[in-house]
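**Student:** Let me give you the structure first, and then I'll get to my questions.
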Amino acid sequence: DAKTTQPTSMDCAEGRAANLPCNHSTISGNEYVYWYRQIHSQGPQYIIHGLKNNETNEMASLIITEDRKSSTLILPHATLRDTAVYYCIVRGRYNFNKFYFGSGTKLNVKP
Amino acid sequence: GAVVSQHPSRVICKSGTSVKIECRSLDFQATTMFWYRQFPKQSLMLMATSNEGSKATYEQGVEKDKFLINHASLTLSTLTVTSAHPEDSSFYICSASFIETGELFFGEGSRLTVL
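Quick note, the sequences are listed as chains L and X, same order.
At position 39 of the first sequence the residue is numbered 136 (my numbering), and the sequence of numbers has no breaks.
At position 57 of the second sequence the residue is numbered 1286 (my numbering), and the sequence of numbers has no breaks.
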């Protein structure tokens, strides 16, 4: 599985957009980019995933560069409840493909 | 989204006893489930892959005789921590893979404390 690199922590003001970067320079052609977040002492929560096109859902947007070596998760209007550790994971799309977690980014949303 | 449920959410046991944690996919069938362990202030570490109807595959460094995994049906996988010791105290999290999309859905986690 491709490894990912994320900043250890980021701060964001409440109501502003939070942009979380992820580098995955060794991603292979059939691997997807997944984003999850974990709020303290809970199981990770699915946010969004994509292959090469930008994706948007009710939670966030995912921007993947044309060469697919990096991506950015965008939370358009961060709230205090978005404070969590955000994990970027690359993985093949089949159900048996493993998910390996990196260290993630701790997003601190401040009032 | 799909729901994965873990039970118990918290368990305290004495050293030397065995503890079983259940992981259920409530509204979909999961041929593959994954078990993770998470220590305080650390990321999730993959322990093993649970395959319905076959033996689990363990990550390097994880003792298969210590952490017994059974995936007897398409909706249930169990992790048994045998002869638990204080160093096994951790947050154990299971996940189930949705066949059609490959999305991974996680349980709420089970916090094990071994006294």
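Quick reminder that beta carbons are idealized off the backbone N, C-alpha and C, glycines included.
So Ala175 of chain L packs on Ala115 of chain L, CB below 8 Å; how close in whole Å?
**Tutor:** Position 78 of the first sequence, counted from the start, is the residue given in the question as residue 175 of chain L. Position 18 of the first sequence, counted from the start, is the residue given in the question as residue 115 of chain L. So it is a contact: roughly 4 Å between Cβ atoms.
**Student:** Using three-state DSSP, classify Arg178 of chain L as helix, strand or coil.
**Tutor:** Within the first sequence, the letter at position 81 stands for residue 178 of chain L. Residue state, collapsed to three classes: helix.
**Student:** So what does Leu1305 of chain X bridge to, in DSSP terms?
**Tutor:** Start at 1 with the first residue of the second sequence, and residue 1305 of chain X comes out as number 76. DSSP output for Leu1305 of chain X lists X:Arg1253 and X:Ser1302 as bridge partner(s).
**Student:** According to DSSP, is Asp164 of chain L part of a helix, a strand, or is it coil?
**Tutor:** Within the first sequence, numbered from 1, the residue matching residue 164 of chain L stands at position 67. Residue state, collapsed to three classes: coil.
**Student:** So, Leu1333 of chain X versus Phe196 of chain L, is the Cβ gap smaller than 7 Å?
**Tutor:** On the second sequence, residue 1333 of chain X is found 104 positions in, with the first residue counted as 1. On the first sequence, residue 196 of chain L is found 99 positions in, with the first residue counted as 1. Going by C-beta atoms, Leu1333 of chain X is nearer than 7 Å to Phe196 of chain L.
**Student:** Please classify Thr123 of chain L as buried or exposed, where buried requires at least 16 other C-beta atoms within 10 Å of its C-beta.
**Tutor:** Walking along the first sequence from the start, residue 123 of chain L turns up at place 26. Classification for Thr123 of chain L: exposed.
**Student:** Please report how far the alpha carbon of Gln1267 of chain X lies from the alpha carbon of Ser200 of chain L, in whole angstroms.
**Tutor:** Against the second sequence, residue 1267 of chain X aligns to sequence position 38. Against the first sequence, residue 200 of chain L aligns to sequence position 103. Approximately 12 Å, taken between the alpha carbons.
**Student:** If you measure from the beta carbon of Pro141 of chain L to each beta carbon in chain X, is any gap under 7 Å?
**Tutor:** Numbered from its first residue, the first sequence carries residue 141 of chain L at position 44. Yes, Pro141 of chain L counts as interfacial toward chain X.
**Student:** Is the shortest distance between the beta-carbon of Arg190 of chain L and the beta-carbons of chain X less than 7 Å?
**Tutor:** Reading the first sequence from its first residue, position 93 is the one you call residue 190 of chain L. Answer yes: the Cβ-Cβ gap between Arg190 of chain L and chain X drops below 7 Å somewhere.
**Student:** Rounded to whole angstroms, what's the CA-CA distance from His137 of chain L to Trp1264 of chain X? Just pull it up for me.
**Tutor:** On the first sequence, position 40 is the one that residue 137 of chain L refers to. On the second sequence, position 35 is the one that residue 1264 of chain X refers to. Their Cα atoms are separated by approximately 18 Å.
**Student:** What residue does the beta strand (DSSP E) around Phe1320 of chain X start on, and which one ends it?
**Tutor:** By 1-based counting over the second sequence, the position of residue 1320 of chain X is 91. It spans Ser1319 to Ser1326 - the beta strand (DSSP E) in which Phe1320 of chain X sits, taken as one unbroken run.
**Student:** State yes or no: is the beta carbon of Leu1255 of chain X nearer than 7 Å to at least one beta carbon in chain L?
**Tutor:** What you label residue 1255 of chain X is simply residue 26 of the second sequence in a count that begins at 1. Leu1255 of chain X does not count as touching chain L.
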